[in-house]
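Residue numbers (my numbering): -7 to 256.
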């Protein structure tokens, strides 16, 4: 029993509440206590998602959706897997919010069209220049002013916020991790850099299995430990470490084989 208690990754002030709730998950009063304890996570992530969206989406709608995500996370959380609840619940909270946005289909058709044109123009300029274009170069190519281009980029990022949120895997316990968390807004990170980060991610993870992709994502992008990754994927820490080592060797070999291609 002591060994099990040592694995708990929840704050001491709510340990007993968690233990009592997991004995009988029908106890609404205990569930509500946990909801109140972690509700700040819902508001925090709702505000971050909302800050990246054009006008027309209510913050309260995101909070409501995130609350259901938190409720699901509390129901499904395994106390003894050795991963913090705060780490475990975030993908569910954000995923619920993004599911709500998709169901609303709030992105106007014109915005989607402009996002497609921006992507195509960026690719053409990258192919022509052999590097990512600057905002000035891209604006001139698209016959826009820089402020007009910047607005188009902001709207395009909002489209990406929804389109990139696809589940990478789903285990028997219905845990899921969403790709959008990799592109989380880092205090106004440049849209071009964020797109390049996603392109690099796709290049590196191409041809990998779902679990292999997630190991790369969670370790290098989310900075989770091998133990936390194992708990998330229902794998042992040693198995995650073994898969990671194998992946690194394979990726190094692939990059060596493609060195000439990158140098061209």
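Yeah, the Cβ is synthetic: ideal placement off N, Cα and C, and Gly gets one too.
Keep in mind that this is a model prediction, so the values were computed, not measured.
CB-CB length for residue i against residue j, believed under 8 Å
| i | j | result |
| --- | --- | --- |
| residue 82 | residue 33 | 7 Å |
| residue 0 | residue 9 | About 12 Å; that fails the 8 Å criterion. |
| residue 245 | residue 229 | Contact doesn't hold; Cβ gap of about 25 Å is too wide. |
| residue 210 | residue 216 | 5 Å |
| residue 80 | residue 69 | 6 Å |
Buried or exposed by the 16-neighbour rule on C-beta atoms within 10 Å, applied to residue i
| i | result |
| --- | --- |
| residue 223 | buried |
| residue 139 | exposed |
| residue 212 | exposed |
| residue 242 | exposed |
| residue 75 | buried |
| residue 85 | buried |
| residue 121 | exposed |
| residue 221 | buried |
| residue 248 | exposed |
| residue 169 | Caution is warranted here: a pLDDT of 44 is assigned to residue 169, below 50, making its placement in the model unreliable, and the coordinate value is therefore given only provisionally. By the 10 Å Cβ count, residue 169 comes out buried. |
| residue 146 | exposed |
| residue 87 | buried |
Residues of its chain near residue i, where Cβ-Cβ distance is below 7 Å and the 5 sequence neighbours each way are ignored
| i | result |
| --- | --- |
| residue 118 | 124, 125 |
| residue 130 | 113, 114, 117, 141 |
| residue 35 | 55 |
| residue 25 | 9 |
| residue 38 | 51, 54, 55, 58, 89 |
| residue 4 | none |
| residue 128 | 138 |
Cβ neighbours of residue i in the same chain (closer than 6 Å, five flanking residues each side left out)
| i | result |
| --- | --- |
| residue 144 | 106, 110 |
| residue 6 | 29 |
| residue 233 | 218 |
| residue 163 | Here the model assigns residue 163 a pLDDT of 36, short of 50, so the residue's position is not dependable, and the following value carries that caveat. Result list for residue 163: 226, in chain order. |
| residue 2 | 10, 77 |
| residue 134 | 113 |
| residue 15 | none |
| residue 167 | Reliability of the predicted coordinates at residue 167 is poor, the pLDDT of 42 falling under 50, and the value obtained from them is presented with this limitation in mind. So the list is empty, once near-sequence residues are dropped. |
| residue 236 | 207 |
Cutoff 8 Å; reference residue i; Cβ partners in own chain excluding five residues on either side
| i | result |
| --- | --- |
| residue 19 | 12, 13 |
| residue 78 | 30, 33 |
| residue 239 | 200, 204, 207, 208 |
| residue 17 | 23, 67 |
| residue 137 | 131 |
| residue 231 | 222 |
Proximity test, residue i beta-carbon vs the ligand ATP heavy atom, cut-off 7 Å
| i | result |
| --- | --- |
| residue 134 | Looking for the ligand ATP in the displayed structure turns up nothing, as the structure carries no ligands at all. |
Notebook entry, point to check: If you pair each beta-carbon of the region 54 to 62 with each one of the region 17 to 35, do three or more pairs fall below 8 Å?
Noted result: yes
Note to self: With three or more C-beta pairs closer than 8 Å as the rule, is the region 82 to 94 touching the region 108 to 116?
What the structure shows: no
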